[in-house]
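Residue numbers (my numbering), protein chains in the order written: chain R, 8 to 363; chain D, 8 to 363; chain W, 8 to 363. Note that the Cβ used here is the ideal one computed from N, Cα and C, for glycine as well.
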Amino acid sequence: MTERKTNTKTNPGNFFEDFAVGQVLEHAAPRTITSGDVALYTGLYGPRFAVQSSDAFAGRLGYPRSPVDDLLVFHVVFGKTVPDISLNAIANLGYAECRFLAPVYPGDTLSAASEVIGLRENSNRTSGVVWVRTTGRNQHGETVLQYVRWVMVRKRDAAAKAPDPVVPKLAERVDPATLGKAVPPLDVSAYDFKLAGAPHRWGDYAVGEKIDHVDAMTLEEAEHQVATRLYQNTAKVHFNLHEQAQGQFKRRLVYGGVVISLARALSFNGLANAFHIAAVNGGRHVAPCFAGDTVYAWSEVLETADLPGRSDLGALRARLVAVKNRSSADFPLRNAKGDYEEGVILDLDLWLLLPR
Amino acid sequence: MTERKTNTKTNPGNFFEDFAVGQVLEHAAPRTITSGDVALYTGLYGPRFAVQSSDAFAGRLGYPRSPVDDLLVFHVVFGKTVPDISLNAIANLGYAECRFLAPVYPGDTLSAASEVIGLRENSNRTSGVVWVRTTGRNQHGETVLQYVRWVMVRKRDAAAKAPDPVVPKLAERVDPATLGKAVPPLDVSAYDFKLAGAPHRWGDYAVGEKIDHVDAMTLEEAEHQVATRLYQNTAKVHFNLHEQAQGQFKRRLVYGGVVISLARALSFNGLANAFHIAAVNGGRHVAPCFAGDTVYAWSEVLETADLPGRSDLGALRARLVAVKNRSSADFPLRNAKGDYEEGVILDLDLWLLLPR
Amino acid sequence: MTERKTNTKTNPGNFFEDFAVGQVLEHAAPRTITSGDVALYTGLYGPRFAVQSSDAFAGRLGYPRSPVDDLLVFHVVFGKTVPDISLNAIANLGYAECRFLAPVYPGDTLSAASEVIGLRENSNRTSGVVWVRTTGRNQHGETVLQYVRWVMVRKRDAAAKAPDPVVPKLAERVDPATLGKAVPPLDVSAYDFKLAGAPHRWGDYAVGEKIDHVDAMTLEEAEHQVATRLYQNTAKVHFNLHEQAQGQFKRRLVYGGVVISLARALSFNGLANAFHIAAVNGGRHVAPCFAGDTVYAWSEVLETADLPGRSDLGALRARLVAVKNRSSADFPLRNAKGDYEEGVILDLDLWLLLPR
């Protein structure tokens with residue numbers, strides 16, 4: 008890497024052979040989140056969860072003020088990792104063990120670092136899979152977010168010798184006993200369900216219940232570009248039509264995080280009191296999304312859990328599925344063969360927290 | 008309604024037969040307005056009124072800081088009413104008796120409630136008109152905004168029995184003696200007309216005077232969608248191309264409030280010192296607006312009025328007309344038959360306050 | 008001008024014969040910059056310079072908090088001048104002697120005034136060139152920015168007598184001994200190059216070095232319109248498709264400042280530690296830019312300079328070139344005849360400051 012740096016001052020990104028298990032990458036640049044970021048996030052997705060929407064509502068519960076939307080935190084941390092981890096990525100393969108560990112408020116500064124925890128060359132020898140555990144910290148050094156992500160990354164040189172494969176063992180789902188650290192103890196008696204938009208508490212949801220979120224949003228180029236830049240995510244496929252026009256899709260690709268945020272905002276209609284994402288157990292971008300696509304979403308309750316020592320909140324494990332250019336009223340997911348149905352673009356497995 | 012709620016956790020909206028005169032609906036979710044919202048509002052419409060643009064300018068007059076643009080307050084309050092009032096609306100028919108009653112500053116939290124004040128089934132029995140009086144309050148419970156709106160709402164069941172018609176008597180215009188409560192007493196000697204952009208005081212405008220605002224803005228899908236989400240307004244017609252493509256217009260409809268804000272921002276050129284909308288006497292969205300349309304605006308002075316006990320400000324009643332895809336230089340409004348001319352999209356009747 | 012003002016209350020802008028050397032124009036309206044503006048600026052261009060991105064990073068160096076991006080300051084000040092200087096402009100010809108003289112922080116209020124320093128009628132007598140020196144001040148009256156700009160402005164009446172030509176003598180480049188006033192004394196030992204995204208200090212750059220910034224951005228109508236309105240810049244050519252469709256380009260023109268900001272944000276990849284633009288020695292919008300164009304950028308180091316009395320920072324004079332719809336990897340600039348190559352849209356001459 009030193010050699011390349013003397014040839015050029017631009018960042019060529021890391022290739023598969025630049026990673027080693029145990030390596031820690033500190034990502035540039037730290038980012039102060041402000042109420043301006045929150046406003047733009049609202050304009051881009053339209054979230055309505057009362058805790059994040061109203062300082063007064065959050066304050067009555069025991070927050071000092073409205074916390075920043077969990078996914079805004081996630082995207083900002085994720086964005087920092089792109090120049091080091093996925094500039095030469097072919098595909099973003101998955102997420103696991105993602106936990107939100109401390110609340111983030113406007114004025115907090117986020118920084119990110121990633122540890123390489125797995126490597127496996129592909130059989131074609133032109134690329135390999137890289138697993139990283141990324142940690143987002145605030146200005147006090149507290150961990151606010153941690154997640155594992157794996158990506159397929161090009162090799163610079165197919166002939167380069169690959170390291171012995173290391174494939175990390177990842178939890179099938181985050182242990183619910185560890186959830187809730189990003190939520191202070193809440194006075195749920197002060198939670199006004201009418202103001203929050205729906206009467207449903209944690210106990211009102213049953214395993215197996217499916218909820219069509221009904222509403223939908225059509226995405227525009229300006230919207231996903233502004234969102235992705237807000238996260239300082241520099242992946243070229245989202246921004247450069249001149250280059251993309253020559254590629255497989257002939258157009259710019261929407262950053263997958265935009266679809267996650269849209270689906271989450273749509274999920275308010277049916278999950279209005281699931282105000283906090285405590286964890287992402289797993290997630291997959293099933294198919295690409297482009298400007299002009301209309302995104303719908305539905306959810307299925309997979310599991311419920313108590314939070315040890317907490318009587319204020321309960322956890323709901325939910326699958327959040329986004330589809331495009333078709334209604335989600337029939338809960339599209341997989342066909343008889345087990346393949347994702349046409350139109351499914353996102354399959355996310357979340358732990359959500361709701362008042363009890 | 009209880010029955011439907013056990014079948015689904017999503018909000019189907021209220022139908023005509025769900026409303027009763029006297030009923031009060033508290034709307035979700037409260038919303039803290041920040042300087043981020045103000046910045047995005049500026050980016051979406053480009054307002055230049057000095058009082059709202061500069062804390063220093065506002066401070067010299069007697070404001071603690073710049074107040075939030077009146078229409079941003081209006082749209083946020085309006086947005087909250089959509090899921091309860093107009094999710095099943097066919098048309099937004101009109102506004103009346105809208106008054107701004109207290110200033111709103113960044114950091115204030117707005118909530119909204121509506122009382123049903125009128126109901127009348129249409130002769131075709133498939134829909135009816137619902138009149139509501141909506142009140143926007145800040146975190147201290149003070150009323151910052153109140154207005155009447157009436158909408159045509161679908162019936163769930165055409166056979167359902169309709170209540171006896173109640174049609175509220177609405178004021179033709181807000182009594183000017185009640186205006187100005189949202190403006191603290193101002194030291195107009197500190198109002199710098201050069202910095203504000205024009206020399207014209209209240210007394211420089213004459214009844215009958217027409218002003219072409221000259222400038223124009225072409226609307227984009229991303230702009231009206233971001234604006235409408237910023238207000239947490241969830242009306243589907245603004246967002247879902249997949250569904251709208253099957254409908255009457257084949258495209259997404261621009262939220263009428265976007266047109267109001269654009270026309271207001273354009274009106275700076277000619278009404279630069281009319282820094283506050285004290286009331287909306289009436290308003291009508293004459294025709295729909297779509298992305299790609301170019302909006303022009305003109306105003307006519309209808310009336311002038313003193314504010315009892317105030318020597319700082321005077322009130323100007325003005326008609327604000329927006330047209331699309333044609334110049335407003337010839338003040339288009341109605342043809343010889345009394346119908347709105349082709350291209351007219353908005354006809355608004357405002358009380359504006361200016362320094363004397 | 009008095010006569011016109013009694014005929015209409017709208018601003019017709021100044022024509023060539025309305026300007027006189029020595030005349031000072033105070034521009035409307037002052038503007039408070041907030042963290043909301045900063046967030047929207049980030050969303051529009053995606054800058055990543057650590058000093059502006061992180062309050063914590065800036066604070067460790069000696070700033071009270073992150074300063075506002077220099078170009079956001081420039082565009083806001085520039086925007087104020089448009090109604091008085093360039094509403095009737097045919098072309099924005101150039102910039103010179105632009106210096107940033109004090110840091111701007113969220114909460115500061117900017118106002119602008121311009122002095123006419125040169126006038127020369129064109130030989131066709133239908134227009135002339137106007138030179139102005141514009142000063143941007145904060146709420147304390149401190150100058151934060153000063154620059155010279157010259158524009159070609161229409162005459163109202165070709166027959167009108169022109170004043171004797173006055174062509175100001177402008178510096179070929181800002182004297183580096185005067186740079187750096189907008190940066191407090193910094194503790195460079197606290198500058199974390201890893202967090203900032205690259206190891207290159209001032210001394211690592213050599214005169215003649217060319218850097219391709221690699222990344223690129225495709226511009227959308229909604230993006231440049233939102234940006235230009237954020238600056239309260241009212242030039243019609245950016246907003247009115249209905250009128251522009253009849254003109255030379257058949258479309259809206261992108262405000263040149265948008266291209267400057269994009270090129271600057273792209274330059275992070277190669278100039279990550281050039282966190283401050285201290286001066287603009289000169290600049291030219293070589294060709295127009297439209298929505299749908301993809302902007303690339305490259306830089307060339309022209310000169311290096313010490314800052315007298317400062318051991319924390321050094322100055323780098325760099326040419327920043329933006330091109331559209333072609334890669335910048337071959338550093339396109341001028342052809343053998345000395346004309347700008349096809350695709351070059353911006354040629355800017357900057358003084359940048361970097362840690363030593």
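*Cβ of R/Gln239 less than 8 Å from any chain D Cβ?*
Using beta-carbon distances, R/Gln239 does not count as an interface residue toward chain D, since no partner is under 8 Å.
*Inter-stretch contact (C-beta, 8 Å, three-pair minimum) for the region 37 to 50 of chain R and the region 111 to 122 of chain R*: Cβ pair count under 8 Å is three or more, so yes.
_Between D/Leu269 and chain R, is any beta-carbon pair separated by less than 8 Å?_
No, because no Cβ of chain R sits closer than 8 Å to the Cβ of D/Leu269.
*Please name the residue in D/Leu226, D/Phe22, D/Arg341 whose C-alpha comes closest to that of D/Ser93.*
Nearest C-alpha to D/Ser93: D/Phe22.
*Measuring alpha carbon to alpha carbon, tell me which of D/Gly20, D/Ser318, D/Glu348, D/Pro71 ends up nearest D/Ser368.*
Since the first residue of chain D shown is 8 and the last is 363, residue 368 of chain D is not available in this structure.
_R/Phe56 burial status per 10 Å Cβ neighbour count (16 or more: buried)_ = Buried, by the Cβ-count rule.
*For D/Leu152 versus D/Phe81, is the C-beta distance shorter than 8 Å?*
Yes, the Cβ-Cβ distance between D/Leu152 and D/Phe81 is below 8 Å.
*Name, please, each residue of chain R whose Cβ falls closer than 7 Å to the Cβ of D/Pro71.*
Per Cβ cutoff of 7 Å: no residues; D/Pro71 is ~18 Å from chain R at best.
*asked:* For D/Pro183 and D/Ala322, I'd like the C-alpha separation in whole angstroms.
replied: Within the model, the alpha-carbon separation for D/Pro183 versus D/Ala322 is close to 7 Å.
*Under 9 Å from the C-beta of W/Lys243: neighbouring residues of chain D*: Within 9 Å Cβ-Cβ: Val221, Asp222, Ala223.
*First through last residue of the alpha helix (DSSP H) which encompasses W/Ile267*: Counting along the chain, the alpha helix (DSSP H) containing W/Ile267 begins and ends at 263 to 273.
*Have a look at W/Glu227 and W/Leu237 and give me their C-alpha separation to the nearest angstrom.*
Taking the Cα positions, W/Glu227 is about 16 Å away from W/Leu237.
_Contact check, R/Gly204 vs D/Ala35, beta carbons under 8 Å_ = With a cutoff of 8 Å on beta-carbon distance, R/Gly204 and D/Ala35 are scored as near each other.
*What does a CB cutoff of less than 6 Å around R/Glu122 pick up in its chain, not counting 5 residues either side in sequence?*
Taken in chain order, the residues that qualify are Val31, Arg140.
_Proximal residues to W/Ile218 (C-beta, below 6 Å), its chain only, five neighbours per side dropped_ = If we look at W/Ile218 and ignore the five residues flanking it on each side, its Cβ neighbours are Gly277, Ser306.
*Would a check of beta-carbon distances place R/His207 closer than 8 Å to chain D?*
The C-beta of R/His207 comes closer than 8 Å to at least one C-beta of chain D.
*Can you give me, in chain order, the residues of the region 45 to 77 of chain R that have a beta carbon less than 7 Å from any beta carbon in chain W?*
Per Cβ criterion, the list reads Ala46, Leu47.
_Using a 10 Å radius around the Cβ and a threshold of 16 neighbouring Cβ atoms, would you call D/His147 buried or exposed?_
Taking every protein chain shown into account, the CB of D/His147 has fewer than 16 other CB atoms within 10 angstroms, so this residue is exposed.
*May I have a chain-ordered list of the beta strand (DSSP E) segments no shorter than 3 residues that lie completely inside the region 281 to 340 of chain W?*
Along the region 281 to 340 of chain W, the beta strand (DSSP E) occurs as fully enclosed runs of 3 or more residues at 283 to 292, 301 to 314, 317 to 331, listed in sequence order.
*alpha helix (DSSP H) containing R/Glu250: first to last residue?*
If you look at R/Glu250, you'll find it in the alpha helix (DSSP H) that goes 248 to 251.
*Please confirm if W/Ala281 has its CB atom under 8 Å from at least one CB of chain R.*
Chain R, which has no Cβ nearer than 8 Å to the Cβ of W/Ala281, makes this no.
*Three-way DSSP call (helix, strand, coil) for R/Thr9 in this model*: Residue placement at R/Thr9 is poorly supported in this model, since its pLDDT is 37, which falls under 50; the coordinates are not used for a value here.
*asked:* Within 10 Å of its beta-carbon, does R/Ser130 have 16 or more other beta-carbons around it, so buried, or fewer, so exposed?
replied: Classification for R/Ser130: exposed.
*Would a check of beta-carbon distances place W/Ala96 closer than 8 Å to chain D?*
No, no contact with chain D.
*Per-residue DSSP class, three states only, for W/Gln255*: Of the three classes helix, strand and coil, the one that applies to W/Gln255 here is coil, per DSSP.
_Residues bridged to D/Phe56 [DSSP beta-bridge criterion]_ = Beta-bridge analysis with DSSP links D/Phe56 to no other residue.
*Taking D/Pro54 and D/Asp76 to be in contact with their CB atoms under 8 Å, please state how far apart those CB atoms are, rounded to whole angstroms.*
Contact between D/Pro54 and D/Asp76 holds, since their C-beta atoms are separated by about 6 Å, short of 8 Å.
_Rounding to the nearest angstrom, what Cα-Cα distance links D/Glu10 and R/Gly290 in this structure?_
At D/Glu10, the pLDDT of 38 sits below 50, so the modelled position is not reliable and the matter cannot be decided from this model.
*asked:* Would you say R/Asn247 lies against chain W (beta-carbon separation less than 8 Å)?
replied: Judged by the 8 Å Cβ criterion, R/Asn247 is in contact with chain W.
*Could one say the Cβ of R/Leu177 lies closer than 8 Å to chain D's Cβ atoms, at least one of them?*
R/Leu177 does not count as touching chain D.
_When D/Gly254, D/Asn240, D/Val190 are compared against D/Leu320, the one with the closest alpha-carbon_ = With distances taken between Cα atoms, D/Leu320 lies closest to D/Val190.
_Taking 6 Å as the limit between beta carbons, can you name the residues of its chain near W/Arg132, skipping five residues before and five after?_
These residues qualify, in order along the chain: Ala165.
*Taking the Cβ atom as the reference point for each residue, do D/Ala3 and W/Ala46 lie within a distance shorter than 8 Å?*
Limits of chain D in this structure are 8 at one end and 363 at the other, which puts residue 3 of chain D out of reach.
*W/Phe107 by DSSP, collapsed to three states: which one?*
W/Phe107 falls in the strand class under three-state DSSP.
*asked:* Taking the straight line between their C-alpha atoms, what separation do you get for R/Lys201 and D/Phe246?
replied: Straight-line Cα distance between these residues: approximately 25 Å.
_Ordered list of beta strand (DSSP E) runs contained in the region 143 to 223 of chain R, each at least 3 residues_ = Along the length of the region 143 to 223 of chain R, whole beta strand (DSSP E) runs at least 3 residues long occupy 150 to 161, reported in chain order.
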